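Q:
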Ligand SMILES: Nc1ncnc2c1ncn2[C@@H]1O[C@H](COP(=O)(O)OP(=O)(O)O)[C@@H](O)[C@H]1O
Ligand SMILES: [Mg+2]
């Protein structure tokens with residue numbers, strides 16, 4: 055029997071997977087749940103804050119196969135907004151700011167942080183001057199400022215006016231990315247903006263799997279580029295919509311539209327194929343990001359295995375071009391997808407590390423009481 059410890063109890067995905075492994079009939083007798091601080095675990099679900107995860111405690115017991123649900127360094131290198139910009143630039147081989155799949159972005163530090171972080175490690179270099187020079191060359195462009203470790207639409211400022219953006223950042227206490235606002239997003243019926251969440255699994259052999267189902271998080275207000283104050287028309291985060299839109303749920307349950315419904319919309323309204331026009335762009339971006347970090351993230355030579363579930367967020371513009379917005383290293387999962395995603399994650403990421411002699415037996419699904427929405431199917435596909 056293997057021992058699992060769950061130190062990431064605020065993750066709904068790993069909470070569900072813990073239940074699945076410990077109580078689900080398909081894996082019965084294979085896993086037991088140990089106390090959080092138990093050192094001789096086989097599998098650890100780590101804290102959501104990966105920097106709290108103590109990797110030095112893993113992989114030192116030679117007789118024990120150990121694995122953790124994070125790749126060390128993923129947060130520092132990819133899953134925050136400033137490092138993402140630095141990393142994507144490094145892929146282009148120079149410090150060019152014009153990417154083809156990440157909106158033009160500059161790193162801007164609040165003035166009071168600037169000198170400190172410059173002397174510290176040189177990790178963040180302020181690009182305020184470059185931003186100003188570039189922005190001033192353009193006529194009337196909209197910029198969006200996002201804090202490096204922000205999430206859920208918090209700490210975001212959208213404006214035409216570069217000075218007020220800089221003033222906003224100067225009042226903050228962390229690094230920001232100032233990014234070209236995608237002014238011409240593809241819109242849904244009702245002229246509504248959306249973003250796309252794709253779940254990506256990186257297994258212990260560094261094989262990349264993309265979940266076949268994904269979600270569009272939609273706005274329930276019409277998009278209006280002339281009114282930047284109305285955040286519900288510009289920020290499609292679930293919590294922003296749920297909290298601030300009077301029309302939340304009017305168009306889609308929970309402002310969520312699934313890939314098959316989106317594919318139908320694209321075909322009928324725009325004669326565009328999701329499978330051949332949109333998905334390949336998503337897969338290419340995912341591959342560039344994860345393969346580009348392979349040397350830094352690899353666990354080769356370490357005494358433990360890693361796997362990780364990522365949430366990649368995208369936008370599509372009116373020309374059907376896909377843009378990467380951010381990569382989340384500890385994503386939540388839409389309720390309707392959770393049962394299928396969790397089961398397939400166990401099959402593709404956990405079972406291969408921990409062989410199961412009973413794996414030939416047919417596996418039955420595990421249902422929890424908490425999932426009330428109708429479940430949708432989906433599997434992780436290797437890309
Ligand atoms: N460059 C952009 N152009 C247009 N809209 C954007 C852009 N970046 C972000 N957004 C909008 O803001 C929302 C939040 O941005 P995101 O980068 O995902 O930060 P957060 O971590 O707060 O979710 C996105 O879901 C999208 O609706
Ligand atoms: Mg987001």
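Numbering (our numbering), first residue to last: 55 to 437.
Ideal Cβ positions, reconstructed from N, Cα and C, are used throughout, including at glycine.
Everything numeric in this text was worked out from a predicted model, so none of it was measured.
1) Using DSSP with H/G/I as helix, E/B as strand and the rest coil, what is residue 153?
2) Buried or exposed: which applies to residue 214, given that a residue is buried once 16 or more other Cβ atoms fall within 10 Å of its Cβ?
3) Tell me whether residue 59 is buried or exposed, calling it buried when 16 or more other Cβ atoms sit within 10 Å of its Cβ.
4) Please say whether residue 311 and residue 248 have beta carbons closer to each other than 9 Å?
5) In the DSSP assignment, find the unbroken beta strand (DSSP E) run with residue 217 in it and report its ends.
6) Please confirm whether residue 216 and residue 135 have their CB atoms less than 9 Å apart.
7) Pull the bridge partners of residue 201 from the DSSP assignment, please.
8) Helix, strand or coil for residue 257 per DSSP?
9) Check whether the Cβ of residue 380 lies closer than 8 Å to any heavy atom of ligand 1, and answer yes or no.
10) Secondary structure at residue 59, three-state DSSP: helix, strand or coil?
11) For my contact list, residue 121 and residue 361 are in at a C-beta cut-off of 8 Å; report their separation, rounded to the angstrom.
12) Alpha carbon to alpha carbon, how far is residue 65 from residue 178?
13) Any heavy atom of ligand 1 closer than 8 Å to the CB of residue 290?
14) Assuming residue 160 and residue 184 are in contact, meaning their beta carbons sit under 8 Å apart, how far apart are those beta carbons, in whole angstroms?
15) How about the region 266-278 and the region 187-194: do they share at least three Cβ pairs that are nearer than 8 Å?
16) Nearest-angstrom Cα distance between residue 224 and residue 321?
17) From the DSSP output, in three-state form, read off residue 392 for me.
18) Please classify residue 299: does DSSP put it in a helix, a strand, or coil?
19) With DSSP as the reference, identify every bridge partner of residue 367, one or two as the case may be.
20) What residue range is occupied by the uninterrupted alpha helix (DSSP H) comprising residue 286?
21) Is it buried or exposed, residue 234, if we count other Cβ atoms within 10 angstroms and call 16 or more buried?
22) Any heavy atom of ligand 2 closer than 8 Å to the beta-carbon of residue 252?
23) Excluding sequence positions up to five away, which residues of its chain have a Cβ less than 7 Å from the Cβ of residue 130?
24) Hey, residue 271 and residue 385: beta-carbon distance below 9 Å or not?
25) I want to check one thing, is the minimum distance from the CB of residue 367 to the heavy atoms of ligand 2 below 8 Å?
26) How would you write the range of the alpha helix (DSSP H) that residue 76 sits in, first residue to last?
27) Quick one, are the C-beta atoms of residue 61 and residue 86 less than 9 Å apart?
28) Do residue 94 and residue 118 count as a contact pair if the criterion is CB distance below 9 Å?
29) Please report the straight-line C-alpha distance between residue 414 and residue 330, rounded to a whole angstrom.
30) From 77, 219, 114 and 155, pick the residue whose C-alpha is nearest to that of residue 371; which is it?
31) Answer yes or no: do residue 286 and residue 274 have a C-beta to C-beta separation smaller than 9 Å?
32) According to DSSP, is residue 263 helix, strand or coil?
33) When you compare only the Cα positions, how much space is there between residue 313 and residue 165?
34) Just to confirm the assignment, what range does the alpha helix (DSSP H) spanning residue 110 have?
35) With a Cβ-Cβ cutoff of 9 Å, do residue 124 and residue 383 count as a contact?
36) Taking the alpha carbon of residue 366 as the point to measure from, which residue in 203, 305 and 336 has its own alpha carbon closest?
A: The short version:
1) Residue mapping note: residue 153 aligns to position 99 of the chain shown, counting from 1. In the structure shown, residue 153 sits in coil (DSSP, three-state: anything other than H, G, I, E or B).
2) The count along the chain shown starts at 1 and reaches residue 214 at position 160. Under a 10 Å Cβ-count criterion, residue 214 is classified as exposed, with fewer than 16 other Cβ atoms of the shown protein chains found around its own Cβ.
3) In the chain shown, the residue the question calls residue 59 occupies position 5. That one is buried.
4) Translated into positions along the chain shown, residue 248 becomes position 194. Translated into positions along the chain shown, residue 311 becomes position 257. Cβ atoms of residue 248 and residue 311: closer than 9 Å.
5) The residue given as residue 217 occupies position 163 in the chain shown. For residue 217, no beta strand (DSSP E) run applies; the uninterrupted alpha helix (DSSP H) run containing it begins and ends at 216-224, by DSSP.
6) Position 162 of the chain shown, counted from the first residue, corresponds to residue 216. Position 81 of the chain shown, counted from the first residue, corresponds to residue 135. One thing to note: residue 216 has its Cβ no nearer than 9 Å to the Cβ of residue 135.
7) If you number the chain shown from 1, residue 201 lands on position 147. Beta-bridge pairing links residue 201 to 230.
8) Taking the first residue of the chain shown as position 1, residue 257 is located at position 203. Correct three-state label for residue 257: coil.
9) By one-based count along the chain shown, residue 380 stands at place 326. A heavy atom of ligand 1 is found nearer than 8 Å to the CB of residue 380.
10) Numbered from its first residue, the chain shown carries residue 59 at position 5. Residue 59: strand per DSSP, three-state reduction.
11) Here residue 121 is taken as the residue at index 67 of the chain shown, counted from 1. Here residue 361 is taken as the residue at index 307 of the chain shown, counted from 1. At roughly 7 Å, the Cβ-Cβ gap stays under 8 Å, so residue 121 and residue 361 are in contact.
12) Your numbering for residue 65 matches position 11 in the chain shown. Your numbering for residue 178 matches position 124 in the chain shown. The alpha-carbon of residue 65 is positioned some 29 Å away from that of residue 178.
13) Sequence index remark: in the chain shown, residue 290 carries index 236 (1-based). Residue 290 has its CB nearer than 8 Å to a heavy atom of ligand 1.
14) Within the chain shown, the letter at position 106 stands for residue 160. Within the chain shown, the letter at position 130 stands for residue 184. Contact flag correct, Cβ pair sits at about 6 Å.
15) Segments in contact, no.
16) By one-based count along the chain shown, residue 224 stands at place 170. By one-based count along the chain shown, residue 321 stands at place 267. The straight-line gap from Cα to Cα measures roughly 45 Å.
17) Sequence index remark: in the chain shown, residue 392 carries index 338 (1-based). Three-state result, residue 392: helix.
18) Translated into positions along the chain shown, residue 299 becomes position 245. Of the three classes helix, strand and coil, the one that applies to residue 299 here is coil, per DSSP.
19) Position 313 of the chain shown holds residue 367. DSSP, once it has assigned bridges, lists 251 and 380 as partnering residue 367.
20) Here residue 286 corresponds to residue number 232 of the chain shown, with the count starting at 1. Its alpha helix (DSSP H) spans residues 285-288.
21) Stepping through the chain shown from its first residue, residue 234 is reached at position 180. That one is buried.
22) The residue given as residue 252 occupies position 198 in the chain shown. Outside the cutoff, so no.
23) Looking up residue 130 in the chain shown gives position 76. Once the five neighbours on either side are set aside, the close Cβ partners of residue 130 are 137.
24) For the purposes of this step, residue 271 is taken as residue 217 along the chain shown, with counting starting at 1. For the purposes of this step, residue 385 is taken as residue 331 along the chain shown, with counting starting at 1. With respect to residue 385, residue 271 sits apart: the two C-beta atoms are not nearer than 9 Å.
25) Looking up residue 367 in the chain shown gives position 313. Yes; taking the cut-off as 8 Å, the Cβ of residue 367 has a heavy atom of ligand 2 nearer than that.
26) The residue you call residue 76 lines up with position 22 of the chain shown. Where residue 76 is concerned, the enclosing alpha helix (DSSP H) stretches over 66-77.
27) By one-based count along the chain shown, residue 61 stands at place 7. By one-based count along the chain shown, residue 86 stands at place 32. No. Outside cutoff.
28) Here residue 118 corresponds to residue number 64 of the chain shown, with the count starting at 1. Here residue 94 corresponds to residue number 40 of the chain shown, with the count starting at 1. Yes. Within cutoff.
29) Walking along the chain shown from the start, residue 414 turns up at place 360. Walking along the chain shown from the start, residue 330 turns up at place 276. Annotation note: pLDDT 46 at residue 414 (below 50); position unreliable, coordinate value reported separately. Answer to the nearest angstrom: the Cα atoms are 35 Å apart.
30) Mapped onto the chain shown, residue 371 falls at position 317. If we check each option's Cα against that of residue 371, 155 comes out closest.
31) For the purposes of this step, residue 286 is taken as the residue at position 232 of the chain shown. For the purposes of this step, residue 274 is taken as the residue at position 220 of the chain shown. Yes.
32) Position 209 of the chain shown, counted from the first residue, corresponds to residue 263. Strand, per DSSP.
33) Counted from its first residue, the chain shown places residue 313 at position 259. Counted from its first residue, the chain shown places residue 165 at position 111. Spanning the alpha carbons of residue 313 and residue 165 requires a straight line of approximately 43 Å.
34) Looking up residue 110 in the chain shown gives position 56. Element bounds for residue 110: n/a, residue is neither H nor E.
35) For this step, residue 124 is matched to residue 70 along the chain shown. For this step, residue 383 is matched to residue 329 along the chain shown. Yes; because the gap between Cβ atoms is below 9 Å, this pair is in contact.
36) Within the chain shown, residue 366 is the residue found at index 312, counting from 1. Among 203, 305 and 336, the Cα nearest to that of residue 366 is on 336.
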